[in-house]
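**Student:** With the first letter of the sequence shown counted as 1, position 61 gets the number 61 in the numbering used here; the numbers rise by one all the way through. Can you read through this structure? Questions will come right after.
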Amino acid sequence: MLIRLEKESLIYRFPDLKGDFRYSICSGSEETTPNNHFQCTVCDTVYKLEREPIEVSIPDDYLVHTVQVLTAGICPECKIFKEN
Ligand SMILES: [Zn+2]
Numbered sequence: 001m002l003i004r005l006e007k008e009s010l011i012y013r014f015p016d017l018k019g020d021f022r023y024s025i026c027s028g029s030e031e032t033t034p035n036n037h038f039q040c041t042v043c044d045t046v047y048k049l050e051r052e053p054i055e056v057s058i059p060d061d062y063l064v065h066t067v068q069v070l071t072a073g074i075c076p077e078c079k080i081f082k083e084n
């Protein structure tokens, strides 16, 4: 099921910090817009960030299908927990 959805580009698969595969839902025009994810190093949750598209620079002779960005750090919930 997941592989079929992946082939139909409804979802895509990306490795997280630990090398485990995560799945995310595509929303149409995302192909060349970076899929910006944030992985919390405390609770391990991967968040899909909707804002702030990240600029990537690819040489003109490459045809880009997808761009994936995974940033890591501490999510808002764990940050609050850490501060208190
Ligand atoms: Zn967290």
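Positions of the beta carbon are idealized from the N, C-alpha and C atoms, including for glycine. It should be emphasised that the depicted structure is a prediction, and the values quoted were computed from it without experimental measurement.
1) Quick check on DSSP: helix, strand or coil for ILE74?
2) Run through the DSSP bridge pairs and tell me what LYS87 is partnered with.
3) If you measure from the CB of GLU77, is any heavy atom of ligand 1 nearer than 7 Å?
4) Short check: CB of ILE74 to CB of VAL46, under 8 Å?
5) Would you report the Cα separation of ARG4 and LYS48, rounded to the nearest angstrom?
6) So does THR45 have its beta carbon nearer than 7 Å to some heavy atom of ligand 1?
7) When DSSP builds the beta bridges, which residues end up paired with ARG13?
**Tutor:** Quick look at the numbers:
1) Note: ILE74 maps to coil in three-state DSSP.
2) Because the chain in this structure spans residues 1 to 84, residue 87 falls outside the shown range and cannot be described.
3) At least one heavy atom of ligand 1 lies less than 7 Å from the C-beta of GLU77.
4) VAL46 sits away from ILE74, with the two beta carbons spaced by 8 Å or more.
5) Distance between the alpha carbons of ARG4 and LYS48: 22 Å.
6) Checking the Cβ of THR45 against ligand 1 gives yes.
7) Checking the DSSP bridge columns, you'll see ARG13 partnered with TYR23.
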